[in-house]
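Novice: So that you can map any letter, position 20 of the sequence shown is 986 in my numbering, and since no number is skipped, the others follow by simple counting. Even glycine gets a Cβ: it sits at the ideal position worked out from N, Cα and C. Computed from a predicted model, the values in this text were never measured in an experiment. Okay, handing you the structure first.
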Amino acid sequence: MENRCKIEWIEIPAPNLEKAKEFYSKIFGWDFSEYSRDYLFFKAGNIKGGLNKNKKPCSEGIGFSITVIDIDRTIDKIVKLGGKLIKEKYNIGKGFGYCASFEDSNGNVLELWAER
């Protein structure tokens, strides 16, 4: 059997740590713990990661999708909390669900995924 790699760590640029912490905790329910005054740890399911105050946001995205149950409700929360919808919800096709892209409170572009 082939040994497959898994995503172990995700780091999100967050020049404004408090704003990013509020944004992600209110939308996705992520819990944060402080590593240093410039870095916060988080855990989202089996994925661990951090918010890094010393990295600049990337408008090209950081290349991962966040699974949500209700993509429309999540988009509403993102916009309400200062995020910006970049690409409207669309059907991936062939029964693979739906995606939408958004800009977070620090200018990073990420993707949402939902079954329906």
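Rounding to the nearest angstrom, what Cα-Cα distance links Lys1022 and Ile1032 in this structure?
Specialist: The residue given as residue 1022 occupies position 56 in the sequence shown. The residue given as residue 1032 occupies position 66 in the sequence shown. C-alpha separation (whole angstroms): 21 Å.
Novice: Anyone know if the C-beta pair for Phe1030 and Leu1017 falls short of 8 Å?
Specialist: Residue 1030 sits at position 64 when you count from the first residue of the sequence shown. Residue 1017 sits at position 51 when you count from the first residue of the sequence shown. No, Cβ-Cβ distance for Phe1030 and Leu1017 is not below 8 Å.
Novice: Roughly how many angstroms lie between the CA atoms of Tyr1005 and Val1045, to the nearest whole one?
Specialist: The residue given as residue 1005 occupies position 39 in the sequence shown. The residue given as residue 1045 occupies position 79 in the sequence shown. The straight-line gap from Cα to Cα measures roughly 25 Å.
Novice: Residues in the same chain with beta-carbon distance under 8 Å from Asp1038, minus the five sequence neighbours each way, listed in chain order, please.
Specialist: Here residue 1038 is taken as the residue at index 72 of the sequence shown, counted from 1. Closer than 8 Å at the Cβ level, and outside the excluded window around Asp1038, lie Lys1055.
Novice: Specify the secondary structure class of Glu984 as computed by DSSP and reduced to three states.
Specialist: Counting from one through the sequence shown, the residue named residue 984 turns up at place 18. Reduced to three states, the DSSP call for Glu984 is helix.
Novice: Rounded to whole angstroms, what is the Cα-Cα separation between Trp975 and Ala1010?
Specialist: Taking the first residue of the sequence shown as position 1, residue 975 is located at position 9. Taking the first residue of the sequence shown as position 1, residue 1010 is located at position 44. The straight-line gap from Cα to Cα measures roughly 10 Å.
Novice: In the DSSP output, which residue or residues are listed as bridge partners for Trp1079?
Specialist: Taking the first residue of the sequence shown as position 1, residue 1079 is located at position 113. Thr1033 and Cys1065, per the DSSP bridge assignment.
Novice: Residues in its own chain within less than 7 Å of Ile1058 by CB, not counting five upstream and five downstream?
Specialist: Start at 1 with the first residue of the sequence shown, and residue 1058 comes out as number 92. The residues are Tyr1064 and Cys1065.
Novice: Can Lys985 and Ser1071 be called in contact, C-beta distance under 8 Å?
Specialist: The count along the sequence shown starts at 1 and reaches residue 985 at position 19. The count along the sequence shown starts at 1 and reaches residue 1071 at position 105. Yes, Cβ-Cβ distance for Lys985 and Ser1071 is below 8 Å.
Novice: Please classify Lys1060: is it buried, with 16 or more other beta-carbons within 10 angstroms of its beta-carbon, or exposed?
Specialist: Here residue 1060 refers to the residue found at position 94 of the sequence shown. Answer is exposed; the Cβ neighbour count stays below 16.
Novice: So Ser999 is in the beta strand (DSSP E); what residue range does that whole segment cover?
Specialist: Locating residue 999 in the sequence shown gives position 33, where the first residue counts as 1. Unbroken beta strand (DSSP E) run through Ser999: Asp997 to Ser1002.
Novice: Using C-beta distances below 7 Å, list every residue in its chain close to Leu983, excluding the 5 sequence neighbours before and after it, in chain order.
Specialist: Here residue 983 refers to the residue found at position 17 when the sequence shown is read from its first residue. For Leu983, where only same-chain residues beyond five positions count, the Cβ hits under 7 Å are Leu1006, Leu1017 and Lys1019.
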